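Here the protein sequences line up with chains A and B, keeping their order.
Quick note: the first sequence uses the numbering used here, first residue 2, plus one each step.
Quick note: the second sequence uses the numbering used here, first residue 2, plus one each step.
All C-beta atoms, glycine included, are put in the ideal place defined by N, C-alpha and C.
Note that the coordinates shown come from a computational prediction; the quantities given were computed from them, not determined experimentally.
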Amino acid sequence: MNKELTNENKLIEDIKKTFPSSEVSIQREKRVIVKIKQDTVPPLLSYVKDYLDFNHLSHISCVDWIEQKKFELVFILWSYDQQIQIIAKTLINRDEPKFTTINKLWRQAETYEREIHEMYGVEFVGNDRMGDFLLEDWEDIPPMRRDFNTIQFVKENFNDRSAAREDSKNVRETIAKHSGEEIPEFAKKYSTRNIDE
Amino acid sequence: MREKETTLYLGPQHPGITGNMMVKLKVAGDTIVKAETHVGYLHRAFEKLMEVRTWTQCFPIVCRICVPEPDPNEENLARAIEEIEGREVPERAQYIRVMVLELSRLAAYLLWMGGQSGSSGLYTMPQWTVGDRDYILDLFEELTGGRVYHMYIWTGGVRRDLPDGFEGRVLKTMDYLEERLKDYDKLMFESALFQKRAQGVGIIDKDKAIDWGVVGPPLRGCGIKHDVRIDEPYEIYDKLDFEVPTYEGGDVWARAMVRRQEFEQSISIIRQVIDKMPKGEYYNKIPNPLTWTIPPGEAFVKTESARGEYGYYAVSDGSDKPRRIHVRGPAYVHGVSLLENILVGANIADTSFIMNSLGVCPPEIER
Chain A
2 MNKELTNENK LIEDIKKTFP SSEVSIQREK RVIVKIKQDT VPPLLSYVKD
52 YLDFNHLSHI SCVDWIEQKK FELVFILWSY DQQIQIIAKT LINRDEPKFT
102 TINKLWRQAE TYEREIHEMY GVEFVGNDRM GDFLLEDWED IPPMRRDFNT
152 IQFVKENFND RSAAREDSKN VRETIAKHSG EEIPEFAKKY STRNIDE
Chain B
2 MREKETTLYL GPQHPGITGN MMVKLKVAGD TIVKAETHVG YLHRAFEKLM
52 EVRTWTQCFP IVCRICVPEP DPNEENLARA IEEIEGREVP ERAQYIRVMV
102 LELSRLAAYL LWMGGQSGSS GLYTMPQWTV GDRDYILDLF EELTGGRVYH
152 MYIWTGGVRR DLPDGFEGRV LKTMDYLEER LKDYDKLMFE SALFQKRAQG
202 VGIIDKDKAI DWGVVGPPLR GCGIKHDVRI DEPYEIYDKL DFEVPTYEGG
252 DVWARAMVRR QEFEQSISII RQVIDKMPKG EYYNKIPNPL TWTIPPGEAF
302 VKTESARGEY GYYAVSDGSD KPRRIHVRGP AYVHGVSLLE NILVGANIAD
352 TSFIMNSLGV CPPEIER
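Listed below in structure tokens is the structure:
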């Protein structure tokens, strides 16, 4: 890690000059993290795309920080010329989350936005394909949110099949009964399994 | 007179669809006017599931994200954890990882050859390539215990060392596949039927390819030379000598030729890896996995899979479970926005042909 990160440092300078409010740091070689306010994200993405050749949109992700009542939107861009990955992050309000679509910059952003809308409930203003994507007729809260209780959902919606599972049956006792041998003392505590544990 | 438009549902149960997804086509005559990808038949909520599993318990989940090529998932997750934690990986483990990755690339290409030629009516090829893929699966079975899902690469290295004489058996399989490639050439790549069918179909515009998020062989089929193994070498790819083939045209034929040449490159990489593999440790032991926590942090790592750039965005909040793991599969872009665009104007019969050439893998879209 003693390499001189010339490109990365120059990139940081460029971004700092244009967006003074942003927090820019080098995570490691070829990784630059930009933390920026919500409303300056589209201008930032448009700037790095048009002027700094960050023209490959690798990924758009969303992280639920429920303790801070925020969603974190993460835009990951790669520049084939500079060979640097920018990770641009912004925090948005968790109640009534709204964001501007960036599908004018990259058309494939539409797909990511559809998924984030469905899984986290973030509305992307300007994206007109905000309907069902992976889920069908979903009426509960968006399922990737941290407060969505998966186990409760499963218990309410699916039959409990745990009693039919092989490991819930007392196999050792059945074998002991058939063979007439006694279960050794040390194995007795393993011979029954409590499903609720 | 304008022809009447009809709606045609291709999939989710259709031999030409690469997995469980549906393409809703609007057709005029036999020309596609509008295409819409519908997914959701395979959604198993892996990413949600991983949030309630410990980091080590995630490994049996991630390999199920892509059936034809599960290893980039394991390698990506392992490398993401290692990057957040700052864990070193022994050199021998890195060599073994590259060998496994390239073997799985070969297996994926064999499956692709079957799908690509099968969707153009050459039904002998799938029989041959799926049979030959089994020789690679045999190697995986010996190495990892599993044929399709391996759960072999994990944090800190690989699960166990190579068995005795394994290198020799890998080399023997490589010799066999190289010899076999001549037969594939005769049957598929030199076949006039396949060439006529593939040339000029499913063209991706070179100027727009990067903007549209095209990666992997489809991008190199546009004549643009980008490969994660070269751009951002991971493991020990910077110590290996290999070429990144490109081909002009951007059509199905160009993508087929790129994959055909990469097949040879992968064989060469595996031979180099076995030749250069050092002795030593294969695993940097992690602490007790039941109490093992990862410091807070985040990482975006990526691998060049057989279908293109495969990325993992992992976030840790300092606990024993991941805060968020988000998978970026190449099919996410290729199978939805790209497919919907390049299908317009194509013939109905070319739909599955084009899908195969893009390497669309639905479980990657839905996870």
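State the Cα-Cα distance for the pair residue i and residue j, rounded to the nearest angstrom.
i	j	result
Ile-66/B	Arg-368/B	6 Å
Asn-74/B	Tyr-284/B	19 Å
His-15/B	Ser-338/B	21 Å
Ile-1/A	His-60/A	With chain A represented from 2 up to 198, any question about residue 1/A goes unanswered, as that position is not in the structure.
Val-33/A	Tyr-10/B	44 Å
Tyr-153/B	Pro-288/B	18 Å
Cys-63/A	Asp-176/B	46 Å
Tyr-333/B	Trp-107/A	14 Å
Trp-79/A	Lys-49/B	27 Å
Ile-77/A	Ile-225/B	21 Å
Glu-198/A	Ile-152/A	Per-residue confidence for Glu-198/A stands at a pLDDT of 41, beneath the threshold of 50, marking its modelled position as unreliable; no derived number is given.
Arg-198/B	Met-131/A	37 Å
Gly-146/B	Leu-140/B	9 Å
Pro-185/A	Arg-181/B	57 Å
Arg-29/A	Gln-86/A	10 Å
Gln-109/A	Thr-102/A	11 Å
Asp-161/A	Phe-154/A	12 Å
Glu-299/B	Ala-188/A	44 Å
Phe-60/B	Ser-267/B	25 Å
Asp-141/A	Glu-116/A	16 Å
Val-28/B	Ser-23/A	49 Å
Glu-103/B	Arg-134/B	13 Å
Within the same chain, show all residues whose beta-carbon is closer than 8 Å to that of residue i, passing over the 5 residues directly before and after it, in chain order.
i	result
Leu-340/B	Val-24, Ala-36, Thr-38, Ile-355, Met-356, Leu-359 and Val-361
Gly-281/B	Pro-91, Glu-92 and Arg-93
Val-345/B	Ile-33, Val-34, Lys-35 and Ala-36
Thr-292/B	Asp-321
Glu-233/B	Lys-303
Between the Cα of residue i and the Cα atoms of the options, which residue gives the shortest distance?
i	options	result
Leu-194/B	Gly-119/B, Glu-305/B, Val-345/B and Thr-57/B	Gly-119/B
Lys-31/A	Phe-72/A, Val-126/A and Tyr-81/A	Tyr-81/A
Asp-242/B	Lys-209/B, Ala-109/B, Ile-271/B and Leu-220/B	Ile-271/B
Glu-68/A	Ile-27/A, Leu-78/A, Arg-95/A and Tyr-52/A	Arg-95/A
Glu-83/B	Ser-317/B, Asp-165/B, Arg-329/B and Gly-251/B	Ser-317/B
Val-40/B	Thr-57/B, Met-22/B and Glu-52/B	Met-22/B
Pro-290/B	Tyr-314/B, Arg-54/B and Leu-26/B	Arg-54/B
Thr-304/B	Lys-27/B, Leu-78/B, Gln-266/B and Gln-58/B	Leu-78/B
Gly-250/B	Ser-269/B, Gln-58/B and Gln-200/B	Gln-200/B
Trp-155/B	Gln-266/B, Pro-71/B and Gly-20/B	Pro-71/B
Phe-125/A	Asp-15/A, Leu-74/A and Ser-26/A	Leu-74/A
Going by DSSP in three states, residue i sits in which element: helix, strand or coil?
i	result
Trp-347/B	First, the residue type needs correcting, since residue 347/B is Ala and not Trp in the sequence shown. Correct three-state label for Ala-347/B: coil.
Phe-187/A	helix
Leu-291/B	coil
Cys-362/B	coil
His-44/B	coil
Arg-329/B	strand
Trp-107/A	coil
Met-23/B	strand
Glu-236/B	coil
Lys-280/B	coil
Ile-154/B	strand
Ala-255/B	helix
His-15/B	coil
Val-53/B	coil
Leu-123/B	coil
Gln-262/B	helix
Ile-88/A	strand
Cβ closer than 7 Å: which chain B residues qualify as neighbours of residue i?
i	result
Pro-185/A	Within chain B, no residue comes near Pro-185/A; the closest Cβ sits about 27 Å away, beyond 7 Å.
Tyr-52/A	The contacting residues do not exist; Tyr-52/A stays about 15 Å from chain B at best.
Gln-86/A	Phe-301
Can you list the residues of chain A that residue i reaches, using a CB-CB cut of under 7 Å?
i	result
Tyr-333/B	Thr-112
Asp-212/B	Asn-56 and Trp-107
Val-337/B	Thr-112
Arg-221/B	None at all; the shortest Cβ gap to chain A is about 12 Å.
Arg-329/B	Ser-59 and His-60
Counting only Cβ pairs nearer than 9 Å, list the residues of chain A close to residue i.
i	result
Trp-56/B	Those do not exist, as Trp-56/B stays about 16 Å from chain A at its closest Cβ, beyond 9 Å.
Glu-48/B	Met-120 and Met-145
Val-40/B	Phe-134 and Leu-135
Leaving out the 5 sequence neighbours to the left and right, which residues in its chain are closer than 6 Å to residue i when beta-carbon positions are compared?
i	result
Thr-143/A	The question names Thr, but residue 143/A in the sequence shown is Pro. Met-120, Tyr-121 and Gly-122, listed in sequence order.
Indicate whether at least one CB of chain C lies closer than 8 Å to the CB of residue i.
i	result
Val-24/B	The structure shown has no chain C; the protein chains it does contain are A and B.
So which residues on chain A does residue i lean against when the C-beta distance must stay under 8 Å?
i	result
Glu-367/B	Leu-135
Tyr-311/B	What Tyr-311/B touches in chain A: nothing, since even the nearest Cβ is about 10 Å away.
Spatial neighbours of residue i within its chain, please: C-beta separation below 7 Å, excluding the five flanking residues on both sides.
i	result
Val-68/B	Val-149 and Pro-364
Val-159/B	Ala-94, Ile-97, Arg-98, Tyr-153, Tyr-283 and Tyr-284
Just the chain B side, please: which residues come within less than 9 Å of residue i by C-beta, in chain order?
i	result
Tyr-81/A	Ile-211, Ile-225, His-227 and Asp-232
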